[in-house]
Structures are given as structure tokens and as C-alpha cells.
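Beneath this line is the structure, given in C-alpha cells, with notes to follow.
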Amino acid sequence: MSSSPAQILMGEYWVLISSAMVHTAGLHLAFNMYWLYTLGTPMEHAIGKIPFLIFSLTAAVTCSTIHMAFSDHPAIGASGVVYAYFGFMCITRKKYSSFNLLDDRLIKFFIAWLFLCIVLTQFGIMNIANGAHFGGVLFGLAVAGTFVLTKYRVLSTIGLNLLIAFCITVFVWCPWSNSWLWVKATQALKNENYELAFKYYTKFIYKNPQSSEAYNNRSIAQYNLGKKKEAEDDMNMAKELKP
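Take 24 as the starting number for the sequence shown in my numbering and just add one per residue.
Structure (C-alpha cells):
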């Protein structure tokens with residue numbers, strides 16, 4: 024299985040690519056492989072093998088990073104890359120005749136599935152990496168607009184640079200992410216920076232008040248800061264919450 028976002032933030036960066044190769048079930052694998060082949064084959068022929076490989080790998084990293092920014096679950100599957108192909112081909116159909124297979128009916132299907140996946144996730148029917156899907160579309164559109172089309176090149180280049188900047192920022196500053204807060208808190212505690220550990224564990228607990236491990240670790244930080252009463256309270260809470 025794929026590593027968690029927290030493990031990626033702690034250095035398992037290769038998972039940003041390898042997670043696109045992992046699938047949860049045979050149907051999941053078959054669905055993604057079908058669209059990777061159907062869309063990927065004409066795209067590879069149109070732009071060349073090396074550019075296509077670079078596009079695919081970069082799309083995987085981008086989609087995984089955007090997913091990681093908004094989810095504490097690992098990204099699994101190649102659907103983000105599929106949507107990157109879709110985004111690229113959607114606006115370059117007039118330039119490459121082989122992209123005509125992406126007709127209006129198929130475009131509507133991809134857009135409908137994009138938003139249906141959000142509904143399925145919100146109702147707990149399926150756990151889908153929606154961030155990866157939207158990230159893929161944006162990446163494909165931005166790359167096509169920057170390197171293929173000329174009409175929107177300036178706007179697309181700005182968009183692509185913003186997308187890259189966001190992906191880099193996720194590893195440096197992402198305080199809305201539980202995984203990012205946990206990694207920062209744990210690293211601070213390990214480095215005996217108890218003030219910083221207390222700060223991040225407090226933010227994590229605010230978002231996750233049922234985490235016994237967070238209370239336990241904040242107790243250690245508080246004890247080392249000389250706040251023994253608060254440390255004892257946190258330890259008691261950790262014991263109370265521990266299953």
C-alpha cells in the first residue's frame with residue numbers, strides 16, 4: 024500500500040510517483056489502465072515519448088502533492104494522471120487530430136465523473152482522491168496552455184508557476200493539514216524544541232480532540248517546559264482517550 028502523507032512529508036518522496044501505480048482493487052486498476060491507454064497512446068504519439076514520460080511523472084508528483092495538502096489518507100491510483108491527460112487533450116484537440124476521440128460526449132463524462140466523485144466521497148460511499156483529480160486537470164490545462172497553445176500562454180504560464188509554487192509550499196507551510204501539523208510537532212519534540220512542539224500539538228489537538236497520542240506527546244513537551252500541572256492534565260486525558 025501507499026505511504027501516508029505524514030510519511031511522505033518525513034522524506035518518502037518517491038511515493039509521490041509510486042502511489043500512482045498502486046490500486047485498491049481489480050476494477051479500480053482496470054478502469055484507470057483503460058483510460059491511461061486510451062488517452063495516453065494518442066498523446067504520446069502527438070508530443071513524443073520523452074515529453075510524454077516527463078509529463079506523466081510530473082503530473083503524478085503534482086497530483087499526489089495536491090491530494091496530500093487536503094487529505095490525511097494516501098493517494099492511491101493513476102486517476103490524477105488520467106485527468107492530467109484529459110486536461111491537456113481537452114484544449115489541444117484542434118492542434119492534434121488524434122485527440123478527436125475526446126469528443127463532447129466524453130468530455131461531459133469526465134466532467135460529470137469529476138464532480139460525482141466529490142459527492143461519493145462526502146457521503147462516505149467511496150474514498151476518492153478528489154484533490155488529485157482537480158490537480159491533474161489544472162496541471163494538464165496549464166502545461167498545454169504554456170507549451171502548446173499561444174493564445175493563453177502568459178495566463179497559463181502564471182497558472183503553472185502558481186501550481187508549482189503551491190506544491191513546493193505544501194512541504195514548507197501547510198498548517199491546515201493534520202499530517203503537516205503532526206510531522207512538525209513530532210520533529211520538534213524529537214529535536215527537544217518543546218516550545219515549538221507544544222505549539223504544533225496544541226493546533227493538532229484543536230483539530231483532532233480525540234487523539235490520545237497527541238495529548239501524550241504534548242504532556243511530554245509541557246513537562247519539559249516546567250508546566251507539570253498541565254502535563255499531568257494532558258497525560259490523564261491521553262489515558263482517558265486511549266482505546
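Cβ atoms here follow ideal geometry from the backbone N, Cα and C, with glycine treated the same way.
Asked                                                                                                                                            : Found
Rounded to a whole number of angstroms, what is the C-alpha to C-alpha distance between Y36 and G163?                                            : 22 Å
If G103 sits next to A82, beta carbons under 8 Å apart, how far is it from one beta carbon to the other, in whole angstroms?                     : 7 Å
With a Cβ-Cβ cutoff of 7 Å, do A29 and S202 count as a contact?                                                                                  : yes
Within the continuous alpha helix (DSSP H) that includes N201, where are the two ends?                                                           : 201-213
Does the distance from the CB of L204 to the CB of F227 come in under 7 Å?                                                                       : yes
Which residues in the same chain have their Cβ closer than 7 Å to the Cβ of L219, if we skip the five residues on either side of it in sequence? : A211
Would you report the Cα separation of Y41 and Y119, rounded to the nearest angstrom?                                                             : The displayed chain sequence assigns Ser, not Tyr, to residue 41. About 30 Å.
For the region 45-106, list the alpha helix (DSSP H) runs that are entirely contained and at least 4 residues long, ordered along the chain.     : 49-70, 72-93
If I measure Cβ to Cβ from L183 and keep anything under 7 Å in the same chain, skipping five residues before and after, which residues do I get? : A165, V166, T169
Pairs of beta-carbons, one from the region 228-238 and one from the region 47-66, closer than 8 Å: are there three or more?                      : no
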